[in-house]
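These protein sequence lines map, in sequence, to chains A and B. Just so you know, we're using the numbering used here here: the first sequence kicks off at 1 and counts up by one. Just so you know, we're using the numbering used here here: the second sequence kicks off at 1001 and counts up by one. So the structure is just underneath, and the comments pick up after that.
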Amino acid sequence: MLYTSCNRLGTQHAMSITKEEVSYAAGLAKIGMTEEDIEKFATELGGILHWMQALNQIPIPDDIPLYRPENLVDERDDVNPSPDYSSQLMANAPDPQHNFFGVPKVIE
Amino acid sequence: MIESTICTLLSKLRSKEITSVALVQAYLDEIEKQKELNAFITVCTESALKAAQESDKRYATGTARRLEGIPLAFKDLYCTNGIRTTAASKILENFVPFYESTVTQRLLDEGAICIGKTNMDEFAMGSMTQYSHFGPTYNHLKRTDGKKLIPGGSSGGSAVAVGANLAAGSLGSDTGGSIRQPAAFCGIVGIKPTYGLCSRFGMIAFASSLDQAGPMAKDVRDTALLLEIMVGHDPKDATSLNVPTPSYSQNLTSDVKGKNVAVFNECLQDLSADNKKMMNAAIKKLEEGGATIHYVDFPLMKETTPVYYIIAPTEASSNLARYDGVRFGHRAEGNLSVEELFSKTRQEGFGNEVKRRILMGTYILSKGHYDAYYLRAQKIQSILRQAFTDLFKKMDLVLAPTTPTPAFALDEIPTDHTSIYLNDLYTTAVNLAGLPAITFPFGYAESGLPMGCQLIGPALSEQTLFDVAAHLS
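In structure tokens:
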């Protein structure tokens, strides 16, 4: 379904992602959507996904090593950056309760 | 006074020709005068004036530091201790950090003053500064037809702040061109440094493997001065490079003799008349300075833009998962379950472009699509990095346009998203390869607007980029 033919960069194309797929992705991403939102994003994402098909024209050798940023990573000791971290952190909490983050009841 | 470069202002401050308080006040007055540009989300009037008084005391006692009393504007994704930091999003509308980002701290430690936090595309996702919860930013420049222009983005507020004399210099961030493109549209200088050169600690994350902090200023020397203060190893960022960092501004020369400069044949195809004129003039000036131009095939430069639009949204979908209304930021109201709290908070708190990119990233990473998109994009990113490595065995740098066109009018914004994404045609490959690139104004378009010229170099070649840009400027 996704590998439709591709003409050139920048081509807007008919929908190639279904409303069900958008709804599923929105569920995974935990973003509430109206029916109108889902319809709009299905059309827009379809156009963008179609544009990305241009990458299928770039030949990829079988033995290409993947770029891994790990070789840049410099591991450090896990130290508390601030002695008074918790109270400062709570200052931005929308519902602080007894120095805890308040959330809706999870267990019935 | 406010039209001056940072280097000129420092010299006037040292000679007591001006005071920092007067300088800060002059910028504050100009911000008020040009507030319709909407370059700032927060203006730090009181704290800036207070810091200026301290700077004047230091000048009086001979203890002035390298940027003493210089007002700078910070993009509103740098966490500033005690100053609201929003990333131009409703979801962070009232977020006040209790720590300072490393790069802003380094500038403040040298006496710089934060005059305000600049407007941007929400979470740096955009290239026009039209996707901000706090309204769009407008370009201070005018075309001959008088139409209102976009400033570029996502660091549009920072670019306008410098271009319209609302600050002496500014900080932007560049994930796919977000420093270079607005700098080009606003006629100023901006550099996207080598990945890892500037710490990302305290920078609100968009796509962590691509995000990089960088300065924007009126000329090459000012940009070099700001960058040399921002760089350096930071244990708080695991990807921070531990390498020696030169004093770019003091080492600055404009010598290009013997330099091998690549021009990509693909970047000469389909060029606008304005870009063609700009490229020809730059090539001529480099040759006159003793550089050799090499015309090279490098199709990946333009072909890999969709790779950026796969990798950046996937990282964003993960990075932005933290905004759930529990620990900080906006929280949806009502009698909601936990699941409803998350989804309603995010529905209300994110704008459409952010939702679009999170959805795209989530879709690409979901079962059945990962190999076709993400894995393939990563493989092409490896091919691109190798191609640049091979190129820089023979070449010192690459000359390219920064943008396909100069700044365009509000009524010329394309209606489809892929056309908007093509604004980034000459910039995204640099981020995918982790390379440094500078943009500076070079000549004018038919419409009277400045054109941006871009130089790209191998990792850690910032000094060469500054030197060659100084020759061309």
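C-beta: ideal position from N, C-alpha, C; glycine also.
In the DSSP assignment, residue 1173/B falls within the beta strand (DSSP E) that extends over 1169–1173. Using a CB distance cut-off of 8 angstroms, residue 92/A counts as an interface residue toward chain B.
Assignment of beta-bridge partners to residue 1262/B by DSSP yields 1294/B and 1398/B. Residue 1152/B and residue 1407/B do touch by the CB rule: their CB atoms are close to 7 angstroms apart, below 8 angstroms. Contact between residue 1214/B and residue 1179/B holds, with the beta-carbon distance rounding to 5 angstroms and staying under 8 angstroms. Contact annotation: residue 1103/B and residue 1262/B have beta-carbon atoms that are not nearer than 8 angstroms. Relative to residue 1205/B, the option among 1174/B, 1225/B, 1228/B and 1223/B whose CA is nearest is 1174/B. Residue pairing for residue 1074/B: DSSP places it in a beta bridge opposite 1117/B and 1171/B. Separation of residue 1324/B and residue 1461/B (C-alpha to C-alpha, rounded to the nearest whole angstrom) is 40 angstroms.
When only Cα atoms are considered, residue 47/A and residue 19/A end up about 14 angstroms apart.
The beta carbon of residue 1005/B sits closer than 6 angstroms to the beta carbons of 1218, 1219 and 1222 from its chain, once the five residues preceding and following it are set aside; these are given in chain order. Take residue 1441/B, set aside five residues on each side of it, and the residues of its chain with a beta-carbon closer than 6 angstroms to its own are 1187 and 1450, in chain order. Between the segment 29–42 of chain A and the segment 1342–1349 of chain B, the count of C-beta pairs closer than 8 angstroms reaches three or more; the two stretches touch.
When secondary structure is reduced to three states using DSSP, residue 1320/B falls in the helix class. By the Cβ neighbour-count rule, residue 1203/B is buried, with 16 or more other Cβ atoms within 10 Å of its own. Annotation: residue 1250/B to residue 84/A spans about 41 angstroms, alpha carbon to alpha carbon. In the displayed model, residue 1192/B falls within a strand according to three-state DSSP. For residue 1295/B, same chain residues with a beta-carbon under 6 angstroms away, outside a window of 5 residues either side, are 1263 and 1265 in chain order. Its chain contains 1102, 1199, 1201 and 1240 as the residues whose beta carbon lies nearer than 6 angstroms to that of residue 1234/B, once the 5 sequence neighbours on both sides are disregarded; these appear in chain order.
Rounded to whole angstroms, the Cβ separation of residue 1458/B and residue 1267/B is 18 angstroms, and the two are not in contact under 8 angstroms.
Nearest Cα to residue 1405/B within the set 1138/B, 1276/B and 1132/B: 1276/B. Nearest in C-alpha terms to residue 1123/B, of all of 1170/B, 1447/B and 1350/B, is 1350/B. Per DSSP, the beta-bridge partners of residue 101/A are 96/A. For residue 1062/B, no beta strand (DSSP E) encloses it, and the DSSP letter there is neither H nor E. At a Cβ-Cβ threshold of 8 angstroms, residue 1434/B and residue 1194/B count as neighbours.
The three-state secondary structure of residue 85/A, taken from DSSP, is helix. Checking the DSSP bridge columns, you'll see residue 1453/B partnered with 1401/B and 1440/B.
The beta carbon of residue 1037/B sits closer than 7 angstroms to those of 1137, 1138, 1140, 1160 and 1164, all from its chain and outside the five residues before and after it, given in chain order. If the five residues before and after residue 1273/B are omitted, its C-beta is found closer than 8 angstroms to the C-beta atoms of 1446, all from its own chain and listed in chain order. An exposed status is given to residue 1337/B, since fewer than 16 other beta-carbon atoms sit within 10 Å of its beta-carbon. Residue 1358/B: member of the alpha helix (DSSP H) spanning 1352–1365, first to last residue. Rounded to whole angstroms, the separation of the alpha carbons of residue 1110/B and residue 1060/B is 16 angstroms. Here residue 1430/B carries a helix assignment [DSSP, helix/strand/coil]. Checking the DSSP bridge columns, you'll see residue 1215/B partnered with 1171/B.
Cβ atoms of residue 1120/B and residue 1154/B come within 8 angstroms of each other, at about 5 angstroms. Within a 10 Å sphere around the beta-carbon of residue 1253/B sit fewer than 16 other beta-carbons, which makes this residue exposed.
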